[in-house]
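What follows is a short report on a single structure.
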Amino acid sequence: MLSKKQARNFFLGGTLVTFLVFIGLTIFSLSSANDQTNEENLTAEVVRGKELWEKNNCMGCHSLLGEGAYYAPELTKVLDRRGAGYVKAALMSPVPWQPSGRKMVAYNMSDQEANDMVAFFEWIGEIDLNGFERIVSPLAKRKAANN
Amino acid sequence: MKYKSQKVAYWFFALSLLLLVLQIVYGFVMGFARAGFDPLHEFIPFNTARAVHTNLLVVWLLSGFMGAAYYIIPEEAQRELVHVKLAYVQLISLAVVGVIAVIGFHFNIWEGRKFLEIPRGLDYLVVVNVLLFLYLILVTLFKGKRQTTTALVLSMGLLFAALLYLPGMIPFDSQVLDSFFRWWVVHLWVEGVWELIMGGILSFLLIKLTGVDREVIEKWLYVIVGLTFLSGVLGTGHHYYYIGVNKIWLIVGGIFSALEPLAFLAMALFAVNMYRKGEKKHPNKLALYWTLGASIVSFVGAGLLGFAHTLPQTNLYTHGTLVTAMHGHLAFWGAYAMIVFAIISYSLPNLTGRKLYDGVRGRMAFWVSNIGMIGMTVAFGVAGVAQVYLERILPEKGIEMSFMEVQNEIQVHFVILLLCATMFTVGITAFVIDFVKHGRPTDEAIEK
Chain Y
3 MLSKKQARNF
13 FLGGTLVTFL
23 VFIGLTIFSL
33 SSANDQTNEE
43 NLTAEVVRGK
53 ELWEKNNCMG
63 CHSLLGEGAY
73 YAPELTKVLD
83 RRGAGYVKAA
93 LMSPVPWQPS
103 GRKMVAYNMS
113 DQEANDMVAF
123 FEWIGEIDLN
133 GFERIVSPLA
143 KRKAANN
Chain V
37 MKYKSQKVAY
47 WFFALSLLLL
57 VLQIVYGFVM
67 GFARAGFDPL
77 HEFIPFNTAR
87 AVHTNLLVVW
97 LLSGFMGAAY
107 YIIPEEAQRE
117 LVHVKLAYVQ
127 LISLAVVGVI
137 AVIGFHFNIW
147 EGRKFLEIPR
157 GLDYLVVVNV
167 LLFLYLILVT
177 LFKGKRQTTT
187 ALVLSMGLLF
197 AALLYLPGMI
207 PFDSQVLDSF
217 FRWWVVHLWV
227 EGVWELIMGG
237 ILSFLLIKLT
247 GVDREVIEKW
257 LYVIVGLTFL
267 SGVLGTGHHY
277 YYIGVNKIWL
287 IVGGIFSALE
297 PLAFLAMALF
307 AVNMYRKGEK
317 KHPNKLALYW
327 TLGASIVSFV
337 GAGLLGFAHT
347 LPQTNLYTHG
357 TLVTAMHGHL
367 AFWGAYAMIV
377 FAIISYSLPN
387 LTGRKLYDGV
397 RGRMAFWVSN
407 IGMIGMTVAF
417 GVAGVAQVYL
427 ERILPEKGIE
437 MSFMEVQNEI
447 QVHFVILLLC
457 ATMFTVGITA
467 FVIDFVKHGR
477 PTDEAIEK
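Quick mapping for you: the protein sequence lines, in order, are chains Y and V. If you read the first sequence in the numbering used here, its first letter stands for residue 3, the second for the next number, and so on. If you read the second sequence in the numbering used here, its first letter stands for residue 37, the second for the next number, and so on.
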């Protein structure tokens with residue numbers, strides 16, 4: 003029968019081994035040879051766009067790369083689906099944007115801020131998502147195929 | 037209660053319940069918005085309600101865990117807590133940081149990073165607060181007469197929870213890296229070190245309630261937390277399938293997260309078996325309900341419902357849908373909310389001297405809140421599965437619906453959600469009334 007000491011060794015040993023493997027896999031998957039994000043395209047505009055994305059907690063309603071709140075549309079492929087003009091109009095609107103029932107906060111962004119957001123969405127839209135890019139937004143897929 | 041300083045726990049539990057009530061209020065704001073009624077949009081838009089709802093969840097659970105530690109550690113270490121006054125300072129500062137964060141969320145002061153919305157400036161205050169807490173707990177433990185496995189596992193969980201907050205504070209320019217390390221905090225908390233905290237509390241409760249030999253219980257505690265880490269650490273990979281990192285995570289995350297339910301199954305079997313084996317029948321029936329309930333509901337909510345969408349083939353379609361909300365609600369309720377309720381139910385009569393061990397209101401709190409939460413889980417599940425089919429599977433058959441068209445189709449499920457949430461709230465209200473009826477903690481309650 004298992005003794006308490008063996009049980010403790012199982013816990014400590016198992017934890018140590020899996021954690022080391024986890025660190026190893028993290029280093030492996032974040033190495034530049036395995037980059038799927040086109041990191042070289044991470045321009046100052048994209049970074050400013052990300053800051054705006056965070057500052058306004060866009061993830062509190064929308065989702066991006068499948069992460070967020072699913073209250074408002076998934077935005078990974080929003081430029082393919084809607085185009086930059088529509089996105090900028092929603093962001094620069096001084097009154098709540100409300101195309102189909104649910105209200106968006108009126109962010110009243112400047113032209114430059116809206117451009118930064120578009121740059122951010124462009125960078126996001128190009129990321130290799132291991133097949134999820136085909137599922138995440140079927141409408142964007144069709145529009146992209148038509149163009 | 038054996039030591040005067042254990043009374044601190046009461047105030048952490050009180051804070052915990054207060055914040056839970058507030059969390060539920062914001063949950064209703066979101067539920068109504070999803071059902072099509074959003075009159076508060078100007079003051080509490082959905083993203084505010086959501087940030088408040090999830091962050092209050094984290095803070096009230098942490099407050100509950102801290103209360104549990106302040107109750108358990110002196111009893112296990114067999115000495116008074118060091119610096120009782122500092123514990124009250126820690127309580128008040130925790131409440132102040134929480135309140136400031138929540139108020140800030142209403143004025144666009146936050147970081148839009150799911151579950152970690154507290155702005156970085158306040159993050160430092162959180163760190164100071166938690167360091168103070170750990171200092172008090174660890175010094176008490178190591179100055180104590182004995183260091184039991186239960187106390188060590190609980191303290192280790194709390195220590196690692198603090199350490200794992202740090203990767204979430206590193207700034208990144210890339211959204212993908214940001215997400216990657218955000219899960220180091222969120223996943224390794226809830227599917228890792230928080231389970232140590234849960235295991236520690238569970239083990240303490242089982243020792244007290246069943247009378248089974250400590251050595252037996254603590255041996256199995258090691259096995260369970262061992263299984264947790266063995267599956268949970270590499271199980272983090274299930275968050276990395278589709279966010280723009282290497283495919284290796286599909287295999288590693290798929291295999292190890294599929295093993296995660298085993299840890300919860302072991303926990304449920306362990307709790308039920310110890311109860312059966314135990315010869316001592318502790319009169320505190322309500323504590324026993326919540327203790328066994330936590331072990332079983334966590335297996336269903338965290339284990340089974342998590343497994344339901346953890347395989348990469350399934351998650352490809354469910355990632356970023358309401359299916360996640362289904363799993364999230366029952367998992368947090370079963371694993372963490374119920375274990376906090378268990379330790380409150382056990383310790384409250386000991387702290388206040390009023391032995392309200394059993395009663396209609398207490399039993400009602402247990403059953404009504406559980407049935408309400410299960411109903412909510414089903415409503416989220418139906419809405420989520422319908423969303424997956426309408427939005428992501430029908431297009432493969434040539435029928436296309438936009439996100440909002442789908443949301444309008446599934447709106448009715450949120451009416452059901454609100455009804456079940458109302459039932460849940462009735463249960464929680466009964467629990468809170470019971471808490472208040474116990475009165476304040478008193479030195480007269482010390483066991484001679």
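Glycine residues also receive a C-beta, built at the ideal position from the N, C-alpha and C atoms.
For Y/Val23, the chain V residues whose C-beta falls within less than 9 Å of its own C-beta are Val269, Leu270, Val288, listed in chain order.
Residue contact with chain Y for V/Gly134: absent (no Cβ-Cβ distance below 7 Å to any residue of chain Y). Taking Y/Val120 as reference, the option from Y/Phe21, Y/Ser5, Y/Ala91 with the minimal CA-CA separation is Y/Ala91. Counting only unbroken stretches of 3 or more residues, no beta strand (DSSP E) element lies wholly within the region 414-484 of chain V.
Annotated three-state conformation of Y/Glu69 is strand, per DSSP.
DSSP places V/Glu147 in the coil class of the three-state scheme, outside both helix and strand.
Between V/Gly417 and the set V/Phe368, V/Met437, V/Val65, V/Thr357, the nearest pair of CA atoms involves V/Thr357.
In terms of beta-carbon proximity, V/Trp230 stays away from the interface with chain Y, with every pair separated by 7 Å or more. Short of 7 Å from the beta carbon of V/Gly370, and not among the five residues preceding or following it, lie these beta carbons of its own chain, in chain order: Ala330, Val333, Ser334, Val336, Gly337, Ala338.
DSSP lists Y/Ser65 as the bridge partner or partners of Y/Glu76.
Exposure of V/Phe143 is indicated by the presence of fewer than 16 other C-beta atoms within 10 angstroms of its C-beta. Taking Y/Val80 as reference, the option from Y/Arg136, Y/Glu124, Y/Ala108 with the minimal CA-CA separation is Y/Glu124. Between Y/Ser31 and the set V/Val261, V/Trp285, V/Met205, V/Leu54, the nearest pair of CA atoms involves V/Trp285. For V/Gln349, no Cβ of chain Y is located within less than 7 Å of the residue's own Cβ. For V/Glu147, the chain Y residues whose Cβ falls inside 7 Å of its Cβ are Glu56, in order along the chain. Within chain Y, no C-beta atom comes less than 9 Å from the C-beta of V/His223; the nearest is roughly 11 Å away.
No Cβ of chain Y is located within less than 7 Å of the beta carbon of V/Ala415.
What Y/Ile29 touches in chain V, judged by beta-carbon distance under 8 Å, is nothing: the nearest beta carbon there is about 11 Å away. In this structure, the beta-carbon distance from V/Phe368 to V/Arg70 does not fall below 7 Å.
With a threshold of 7 Å between beta carbons, V/Gln211 makes contact with chain Y.
Nearest neighbour of V/Asn309 by Cα position, chosen from V/Ser239, V/Tyr353, V/Glu111, turns out to be V/Ser239. Looking from the CA of Y/Phe21, the closest CA among V/Gly271, V/Gly280, V/Thr461, V/Trp146 belongs to V/Gly271.
Within the region 189-221 of chain V, complete beta strand (DSSP E) segments of at least 3 residues are not found at all. Taking 7 Å as the threshold, the shortest C-beta distance from V/Val281 to chain Y falls below it. Taking all protein chains in view, the Cβ of Y/Gly85 is surrounded by fewer than 16 other Cβ atoms within 10 Å, so the residue is classified as exposed. In this structure, V/Thr176 places its C-beta atom within 7 Å of the C-beta atom of V/Leu117.
Nearest Cα to V/Ile469 within the set V/Ser381, V/Leu232, V/Trp96: V/Ser381. For Y/Lys52, the nearest beta carbon of chain V is closer than 7 Å to its own beta carbon. Against chain Y, the CB of V/Leu358 has a partner CB under 7 Å away; the residue lies at that interface.
Contact between V/Leu387 and V/Lys43 holds: CB atoms are separated by about 6 Å, below the 8 Å threshold.
Measuring C-alpha to C-alpha distances from Y/Lys57 to each of V/Thr461, V/Leu93, V/Glu153 identifies V/Glu153 as the nearest.
Under the three-state reduction of DSSP output, V/Tyr46 falls in the helix class. When the Cα atoms are used, V/Leu130 and V/Pro155 turn out to be separated by approximately 15 Å. The beta strand (DSSP E) runs lying completely inside the region 322-402 of chain V and spanning 3 residues or more number zero.
Interface with chain V (7 Å Cβ-Cβ cutoff): Y/Gly62 is included. In the structure shown, the three-state DSSP call for V/Ile279 is coil.
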